[in-house]
Amino acid sequence: MAAITEQPRTVLERFPAGAPRGSWPAEEFTAAQRAQGTNARVVMDLGSDQFLVITDTTTH
9 MAAITEQPRT
19 VLERFPAGAP
29 RGSWPAEEFT
39 AAQRAQGTNA
49 RVVMDLGSDQ
59 FLVITDTTTH
């Protein structure tokens with residue numbers, strides 16, 4: 009079995025998983041970040057029941 013290595017990630021924003029039906033705030037925020045040149049994506053943090061918008065690059 010191959011070892012899993014963790015890449016450094018920066019959490020840009022957190023959104024609760026219980027958004028109203030038809031509302032996608034994490035995806036909308038991610039699209040805005042990408043439009044500004046940030047390579048962002050959405051992941052689910054099951055432990056906190058939140059959607060996280062992350063980037064694999066370090067932000068200052």
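Everything in the sequence shown is counted per the numbering used here, starting at 9 for the first residue and increasing by one. Cβ coordinates follow ideal geometry from the N, Cα and C atoms, glycine included. Note that the structure is a prediction, hence the values are computed from the model and not measured.
- Straight-line spacing of the CA atoms in E21 and L60 works out to 6 Å.
- Ranked by how close their Cα comes to the Cα of D57, the residues T18, Q41, F23 and P16 have F23 in first place.
- With respect to D64, R17 sits close: the two C-beta atoms are nearer than 8 Å.
- For F59, DSSP records a beta bridge to F23 and M52.
- Under DSSP, T18 shares a beta bridge with T63.
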